[in-house]
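A quick write-up on the structure given underneath.
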Amino acid sequence: MEGTAVLGRLTWLAAEVVELRPETSQTKTITFDVPGWRGHRAGQHVDVRLTAADGYQAERSYSIASAADGPRIDLTVERLDDGEVSPYLTDELRTGDVIELRGPVGGYFVWNPHAEGTVFLVGGGSGIVPLMAMARQRALESSGIPTRLLYSARSWDDVIYRNELAELAARSDGFDVVYTLTRVQPAGWDGYGRRVDTDLLREVGPVPAELAVAFVCGPTPFVEAVASGLVELGHEPARIKTERFGPTGG
Amino acid sequence: MPPISRGFRGRRREDAPSDRVPPGQYVTDDFPVLSAGPTPHTPLDEWDLTITGEVDGLRRWTWDEFRALPSEPVTVDIHCVTKWSKLDSEWEGVSLDTLLEGVDTSAEYVVAFCDGGYTTNLPLDDLTEGKAWIAFAYDGEPLDPEHGGPARLLVPHLYFWKSAKWVRGLRLGATDEPGFWEQNGYHNYGDPWKEQRYWGD
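Those protein sequences? They're chains B and A, same order as listed. Taking the numbering used here, the leading residue of the first sequence gets 1, the next gets one more, and so forth. Taking the numbering used here, the leading residue of the second sequence gets 1, the next gets one more, and so forth.
Pasting the structure below:
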C-alpha cells in the first residue's frame, strides 16, 4: 500500500473454511475462501473476528501465509494454550464453517520485488509465517531475487513448512534455507543448534553491502537479538524491518 | 448480523469493565512490544528533546534539563491497535502542557519524530489540556528501551502507535502530515472507541 492511493474501508468479509492442515503439533494451516478478497502483498496480515451466540466478539490479527492467489488465503495459526481465539481456530473450526476476516493490513513489512541485493528473511518459531508468504510470492513470480531464509525453531518437529521449504530450495533459483534448532537436534544434525546470535548472523547473512532488506519476525526477544545483531554487524537500521509476536494474545 | 462462530464461547474477563475496553480489544496483563525496526540506543548525553516548526523559537531540553522539569505520575488505560489493552498502566512523565507553556504558535498539527526515524501525526489539541505526556518511567522504573526508553510520547486516548517510542521532538505545523503507520495503512487519527484502526475506518 506504500505510496498508493488511500483505499476505502476494509470491511468484514465472510470467510469459509475450505481446508484444515496440521503443520506441527502446535500449528495448523487453515485455507479460507473469501469472496470479495481484494488480494494482498506477502507479509501483510488480517484481522479475524469470532462471534459467540450471545453476540460477544473477539478479534485477533494473524499473518497471511499464502501468496496472493485469487479469493483464497491461508492462515497458519499457532495454538496458544491460554489463548482465547487460537485454540478455537486450531481445535474447533471445521470445513464449511464461516468466520469473519478483514484486510489485508499493513504496508511496511511487505515483500518488495524491486529490491536490489540479497533479501534476508529471519524467522523464529511461528514468525516464519509472513516470511513463508514472501518465499511463496517470490516462487510464484519466478523472481530471481537472491533470498536467504534463516529459520530458528525449537526442534525439527517444530519446523513449519519444512517439505515445501526443501522444494523451494531445490529449485536452485537463488532461494536457500538455513536452520538452527535451539532445543533438540536430530541424530546426525549438522546444522546450527543454538539461538541466533551475532556470529550466526555474520556466518549466514549477507554482508551489509549486499543486503537489500532484512525481514525479521518472531517473539520479541528473538527480534531484539536479531535486529540488534544486524545493527552491530554494520547493517543500516532502516533496512531492517521487524514484526513481533507478543507473548500474549492468541 | 455477523455469522455466529459455531461453538465459540469466548472468555470474558470479569475484571475488565466494558466501559474501559474499546470494541475489538482484549485486556492483557503483559506489555507486548511492537516496533517496525531495531531498538535505538541513544546515550543520554546525546539525547535532547526539541519543539520545532511553526513556533516563535525553537525549544530544546537536554536530558538533565528535561528531567528537571516538573513531572507527574500518570495512571491510564492504553490500547494497542493489535488488539491488546492494558488497564491502569502506571507512568511518570512531563505533561505536554508544561513543555508547550509559552510557545506561541498558530499550528494545528504536530508530527512527533523519534530516534530510528519513526514519526506519527496528531492534532495539537490532542496533546494539550492534560491529555499527553513525555514519559520516562514505567511501573516505577526507568522506561526500558524496548518500550521506548529513555522517553516516549504518551497519548493514551488514541491507539498506542500514536504514543511514539524514542521520541526526540515535536514539529508543529499548519498542515497534517501523515506519519509512519499513517502512511502504511493505519488510520490518520486512531480513536480506539470508534475503532479507527485502518484507512477508511
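The beta-carbon is built from N, C-alpha and C at its ideal position, and this holds for glycine as well.
Judged by DSSP secondary structure, B:G229 falls within the alpha helix (DSSP H) whose first and last residues are 220-232.
For B:A67, the CB contacts under 7 Å within the same chain, skipping 5 residues up- and downstream, are A42, A133, R136, Q137, L140 in chain order. Residues of the stretch 20-44 of chain A with a C-beta atom less than 9 Å from some C-beta of chain B are P23, G24, Q25, Y26, T28, D29, D30, F31, P32, V33, L34, S35, A36, G37, P38, T39, P40, H41, listed in chain order. Taking every protein chain shown into account, the CB of B:Y56 has fewer than 16 other CB atoms within 10 angstroms, so this residue is exposed. For the set B:I160, B:A153, B:L101, B:W189, the Cα lying nearest the Cα of B:R49 is the one of B:L101. Per the Cβ contact rule, the stretch 109-117 of chain B is not in contact with the stretch 10-20 of chain B (fewer than 3 Cβ pairs under 8 Å). Between B:V34 and B:L13 the beta-carbon gap is near 5 Å, inside 8 Å, which marks them as a contact. At a beta-carbon threshold of 9 Å, the residues of chain B lying near A:F8 are L50, T51, A52, A53, Y56, A58, V85, Y88, E92, I99, ordered along the chain. Closer than 8 Å at the C-beta level to chain B, one finds these residues of the stretch 143-173 of chain A: E146. Counting along the chain, A:D77 sits inside the beta strand (DSSP E) bounded by residues 72-79. According to the DSSP assignment, A:V155 belongs to no beta strand (DSSP E), since it is labelled neither H nor E. Under the rule that a run must span 3 or more residues, the beta strand (DSSP E) segments found entirely inside the stretch 129-181 of chain B read 147-153, 175-181. Look at A:D139: its C-beta is not under 8 Å from any C-beta on chain B. Distances from the CA of A:R12 to each of B:K241, B:G8, B:V85 were compared; the closest alpha carbon is that of B:V85. In this structure the stretch 30-50 of chain A touches the stretch 156-172 of chain A; the number of beta carbon pairs closer than 8 Å is three or more.
Per the DSSP secondary-structure output, B:Q57 pairs in a beta bridge with B:T51. Under the Cβ criterion (8 Å, minimum of three pairs), the stretch 150-164 of chain A counts as touching the stretch 127-140 of chain A. Note: A:S85 is bridge-paired with A:V27, A:H79 in the DSSP secondary-structure output. The three-state secondary structure of B:D69, taken from DSSP, is strand. Only exposed fits A:R60, as fewer than 16 other CB atoms lie within 10 angstroms of its CB. Considering only beta carbons, the part of the stretch 102-120 of chain A lying closer than 7 Å to chain B consists of G116, G117, in chain order.
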